[in-house]
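Participant:
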Amino acid sequence: MIRIRHTDENPHEVNEINVTPFIDVMLVLLVIFMVTAPLTTVDIPVDLPSSSEAPTPRPEEPVFLTIQADHSLALGEKSITSETLSSEMSAVTKGNKDQRVFLRADKAVDYGTLMSVMDKLRAAGYLKVALVNLQGQEQGSEASTSTGITP
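Take any residue in the sequence shown, note its place counting from 1, add 176, and you have its number in my numbering.
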């Protein structure tokens, strides 16, 4: 006599977790991290000048201070000296030390000079300083200015 077995007669439960897909994913992630880890390091040594002040948040109505290629300063359209920077800033901002100052510098100005002017501003009490640059263009093309905040 032929007996037909149905699959419902002896239900068999599998109580194991298949870990093979998890191991595959972990191995792929390991390979990705092993390949990208050396790429995230910076190997270019730079001797950065120091600044003793902490960064500040973005202002609403800034004043423009410009460092020209010959290291001369201009506050708005008026030429000033580094010795009169504090008094001229007080006159322009009416003594409001919380006003944001937009600092523009020529490409020829070295980093040390830029940081020196920023330190003079901060010593005068102007802690809100933002750097102005050209964004979204190739070098040498005409563009409108936009601002970037100093970190």
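Each residue gets a CB set at the ideal place from its N, CA and C atoms; glycine is no exception.
If you compare alpha carbons, which of 281, 282 and 267 is closest to residue 376?
Facilitator: Beyond the ends of the chain as shown, which are 177 and 327, falls residue 376; an answer cannot be given.
Participant: Who pairs with residue 255 in a beta bridge, going by DSSP?
Facilitator: Sequence index remark: in the sequence shown, residue 255 carries index 79 (1-based). In DSSP, residue 255 forms a bridge with 250.
Participant: How big is the Cα-Cα spacing for residue 210 and residue 200?
Facilitator: Reading the sequence shown from its first residue, position 34 is the one you call residue 210. Reading the sequence shown from its first residue, position 24 is the one you call residue 200. The C-alpha of residue 210 lies about 15 Å from the C-alpha of residue 200.
Participant: When you compare each of 291, 288, 301 and 207 to residue 269 by their alpha carbons, which one comes out closest?
Facilitator: Counting from 1 along the sequence shown, the entry for residue 269 is found at position 93. Looking at the Cα atoms, 301 is the closest of the given residues.
Participant: Please confirm whether residue 307 and residue 277 have their CB atoms less than 8 Å apart.
Facilitator: Start at 1 with the first residue of the sequence shown, and residue 307 comes out as number 131. Start at 1 with the first residue of the sequence shown, and residue 277 comes out as number 101. Against a cut-off of 8 Å, the Cβ pair of residue 277 and residue 307 comes out as no contact.
Participant: Does the Cβ of residue 305 have 16 or more other Cβ atoms within 10 Å, making it buried, or fewer, making it exposed?
Facilitator: One-based indexing of the sequence shown puts residue 305 at position 129. So residue 305 ends up on the buried side.
Participant: Is the CB-CB distance between residue 261 and residue 249 below 8 Å?
Facilitator: Counted from its first residue, the sequence shown places residue 261 at position 85. Counted from its first residue, the sequence shown places residue 249 at position 73. Against a cut-off of 8 Å, the Cβ pair of residue 249 and residue 261 comes out as a contact.
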